[in-house]
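Note that the protein sequences, when read in sequence, are chains A and B. To convert, note that position 43 of the first sequence is 40 in this note's numbering; the numbers rise steadily by one, no gaps. Just remember that this note's numbering sits 13 ahead of the position in the second sequence, which is counted from 1. Glycine included, every Cβ here is placed at the ideal spot set by N, Cα and C. First comes the structure, then the notes that go with it.
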Amino acid sequence: MKINVPHIAKLANLPLKPQEKDKFEKQLSEILSYVEKLSEVDTKDSETTSQVTGLENITREDEVSPSLTQEEALSNTKNKHNGLFKVKAILED
Amino acid sequence: MKLNELTIKRAREGLRNKNFSSVELTRACLEQIKKHNKNLNAFITVTEKKALEDAKNADQHINNLAIGQFNNYPLLGIPIAHKDLFSTKGIKTTAASKVLEDYIPAYDATVVKKLKDAGAVIVGKTNLDAWAHGSSGENSDFGPAKNPWNTEYVPGGSSSGSAVSVASDMCLAATGTDTGGSIRLPASFNNIVGLKPTYGRVSRYGIIAMASSLDSIGHFTKTVEDSALFFDITSGQDIFDATTLPNPTESFTKNLEKGIKGMRIGFPKILKENSQELEYLGYFEIAKRLIQKLGAELIPIDIKHEECAIACYYIIQPSEVSSNLARYDGIRFGNNRENFGDEAKRRIMLGTYTLSAGYYDAYYKKAMQVRTLIKKDFDEAFKNVDALISPVSPTPPWKLGEKISDPLKMYLSDVFTVTANLAGIPGLALPIGFTKNRLPVGMQILGPHFSEAKLFQIGHAYEQATEWYSQKPNL
């Protein structure tokens, strides 16, 4: 199993150093070869399980309650401007 | 016995009878941390000043309490530690990753709040494999925690520091998370008790998510009884976590003294293939015989799909990891994505790959179908037995560095533990002895959903007959 590490890293928005590519390619390929063994399991009549305890449609009342203040919400950012988060431009003119 | 070596139960008796104060108890823990943390690296942050203030307040509270009110605060004045994955308001929470090295949460996780409300004193935040990714503790970006029984060996992960802090008497109990064995494995490597509850029994709110369909929130204690006491506090419904289950109606300590006479207890029919050291398996055989001697009937059980559990787990878990770690972009808090360590990068890429277009059906969907088969195997088994026992790990603790360059080998350390997470069932790990090199060995007791009270019952009976908890590492 060959994995295209630069492509996957790009999808995951993960900056890699050039020298990391070969190491990860080898390690990830080994792991993928190992998990391949699942293909031998017969799952024809098997549903998927994502929620193990069987709870369904859990909702709560939509009530107004105190939340973080603007100051608290901004307390951990290194990029703020006029009380807002500062992000890089998405569209340029 | 030194104060920091007490169990929660004994410390509570001492505090209630005013044999000593919470300040004295907390100071004993802080002194132990000062003496040994340099060597063991169990804590990332020690909150000495706040802990002593809280202990002082607890002492005042104890003095002012009317008779009978003491039981309303089941941890009043008791020093505990939190895995550094639990959000603590005003206290740095790093997930042992450089991405969050200076992150200070603006709120408490639900469990943190519940424990505070019960009166607990927090002495600090413990080390872990970064983002809870690992089986040895070595993936911490702040250096590995060391096994207090022999510092050349790993303490097990990912909740490495929590296990070490309890085993070396730096606190009386500590929180942890178990996504594939991260509580049970380090508990068994440290001669202490670790509980992985039923999925959804404890709120995940405010705890940095790893793999959301598998994450279970539990804890480490010195004894089974302490584990039950602690679980009385942490378990229950939380409006901030929709997977949480209705509040338990009775105390988890209710069955402790009932013994295991007449119980039917299953054990794995085949173990050899999964374990590399036969000598090590001998300890489990001894434990089995004792369970029988205590009056339970032993029944061989075959979890048919156990052999593909690791493959199943290492698809589902990285897939969910890649999604959960996508939020760390360095904009609202923390540093940017260049700061992820190797293991986080591996899991993010693995999960991104298995979820990507064209591969989803072959990997993630397939794994979720196999998960159903594993769950059914357990459902079937529990029609026939009250609980299952098995080793926690296929080997005793290994040396630092031994598996670090071979991720797949490291993943296979979870072979006996991941099944419980896939099926969402509870597991209680407890000590069953020591190897010839005096490294701890553990066993896990697994039961059907919501069977924690029964697991405590079995565990307590076994513990009363063996008292491994009385053995302490020579620090």
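query: Mind reading off the beta-carbon distance from Ala241 (chain B) to Leu284 (chain B)? Whole number of angstroms is fine, and I expect it under 8 angstroms.; result: Not quite, the Cβ-Cβ distance comes to about 28 angstroms (not below 8 angstroms), so this is no contact.
query: What does Ala6 (chain A) touch in chain B if you count any residue whose Cβ is under 9 angstroms from its own?; result: Lys358, Ile361, Met362, Thr365
query: For Ser403 (chain B), list the residues DSSP reports as bridge partners.; result: B:Gln457
query: Consult DSSP for Phe9 (chain B) and reduce its assignment to one of helix, strand or coil.; result: In this structure chain B extends from 14 to 488, so residue 9 (chain B) is not present and cannot be described.
query: Check the DSSP bridge columns for Glu310 (chain B) and list the partner residues they point to.; result: B:Arg277
query: By DSSP, does Asp19 (chain A) sit in helix, in strand, or in coil?; result: helix
query: Where do the ends of the beta strand (DSSP E) carrying Thr188 (chain B) lie?; result: 186 to 191
query: For chain B, check one thing: does any of its Cβ atoms lie closer than 8 angstroms to the Cβ of Val32 (chain A)?; result: yes
query: Just to confirm, is the Cβ distance from Pro410 (chain B) to Gly169 (chain B) under 8 angstroms?; result: yes
query: Taking a cut of 9 angstroms between CB atoms, which residues from the segment 436 to 451 of chain B lie near chain A?; result: Ala436, Gly437, Ile438
query: Could you tell me whether any Cβ in chain A is nearer than 8 angstroms to the Cβ of Pro420 (chain B)?; result: yes
query: Report the residue from B:Ile205, B:Ser229, B:Lys102 whose alpha carbon sits nearest the alpha carbon of Glu69 (chain A).; result: B:Lys102
query: Mapping the DSSP letters down to three states, classify Pro486 (chain B) as helix, strand or coil.; result: coil
query: Between B:Tyr372, B:Leu311, B:Gly150, B:Cys42, which lies nearest to Lys62 (chain B) when the distance is taken from Cα to Cα?; result: B:Cys42
query: Candidates B:Asn30, B:Ser201, B:Pro92, B:Ser216: which alpha carbon is nearest Asp121 (chain B)'s?; result: B:Ser216
query: Looking at Leu198 (chain B) and Ala145 (chain B), is the spacing between their C-beta atoms short of 8 angstroms?; result: no
query: Could you list the residues in the segment 340 to 355 of chain B with a C-beta less than 9 angstroms from some C-beta on chain A, going in chain order?; result: Asp342, Gly343, Ile344, Arg345, Phe346, Gly347, Asn348, Asn349, Arg350, Glu351, Phe353, Asp355
query: Between Val334 (chain B) and Gly364 (chain B), how many whole angstroms is the CB-CB distance? I'm expecting something under 8 angstroms.; result: 5 angstroms
query: Using only alpha-carbon positions, find the residue among B:Phe346, B:Lys379, B:Thr385 that is nearest to Phe82 (chain A).; result: B:Phe346
query: Rounded to the nearest angstrom, what separates Ala309 (chain B) and Gly275 (chain B) at their Cα positions?; result: 5 angstroms
query: With a threshold of 8 angstroms, are at least 3 pairs of Cβ atoms found where one atom belongs to the segment 430 to 445 of chain B and the other to the segment 384 to 391 of chain B?; result: yes
query: Can the beta-carbon of Ala442 (chain B) be found less than 8 angstroms from the beta-carbon of Gly207 (chain B)?; result: yes
query: How far does the alpha helix (DSSP H) with Glu3 (chain A) in it extend, from its first residue to its last?; result: Checking the sequence shown, residue 3 (chain A) turns out to be Pro, not Glu. Per DSSP, Pro3 (chain A) belongs to the alpha helix (DSSP H) from 2 to 8.
query: How about Leu386 (chain B): is its C-beta nearer than 8 angstroms to some C-beta of chain A?; result: yes
query: In whole angstroms, what separates the C-alpha of Gly137 (chain B) from that of Thr188 (chain B)?; result: 11 angstroms
query: Do the segment 369 to 388 of chain B and the segment 413 to 423 of chain B touch if we need at least three Cβ pairs shorter than 8 angstroms?; result: no
query: Mind checking which residues open and close the beta strand (DSSP E) that includes Leu441 (chain B)?; result: 440 to 447
query: Ile93 (chain B) bridges to which residues according to DSSP?; result: B:Ile135, B:Ala186
query: Spell out the partners DSSP gives Phe253 (chain B) in its beta bridges.; result: Phe253 (chain B) pairs with nothing; no bridge assigned.
query: CB-CB under 6 angstroms to Ser149 (chain B), same chain, minus the five flanking residues each way: which ones, in chain order?; result: Val167, Gly170
query: Check whether the Cβ atoms of Ile458 (chain B) and Asn397 (chain B) sit closer than 8 angstroms, and answer yes or no.; result: no
query: Compare the C-beta of Val383 (chain B) with all C-beta atoms of chain A and state if any pair is closer than 8 angstroms.; result: yes
query: Please name the residue in A:Lys23, A:Ser36, A:Asp39, A:Asp90 whose C-alpha comes closest to that of Ile0 (chain A).; result: A:Lys23
query: Which full runs of the alpha helix (DSSP H) of 4+ residues lie inside the segment 357 to 409 of chain B, going along the chain?; result: 379 to 397
query: Quick one: what's got a C-beta closer than 8 angstroms to Glu151 (chain B)'s C-beta in the same chain, skipping five residues either side?; result: Asp142, Pro157, Val167, Gly170, Leu413, Gly414, Ile417
query: Any beta carbon of chain B sitting closer than 8 angstroms to that of Ile28 (chain A)?; result: yes
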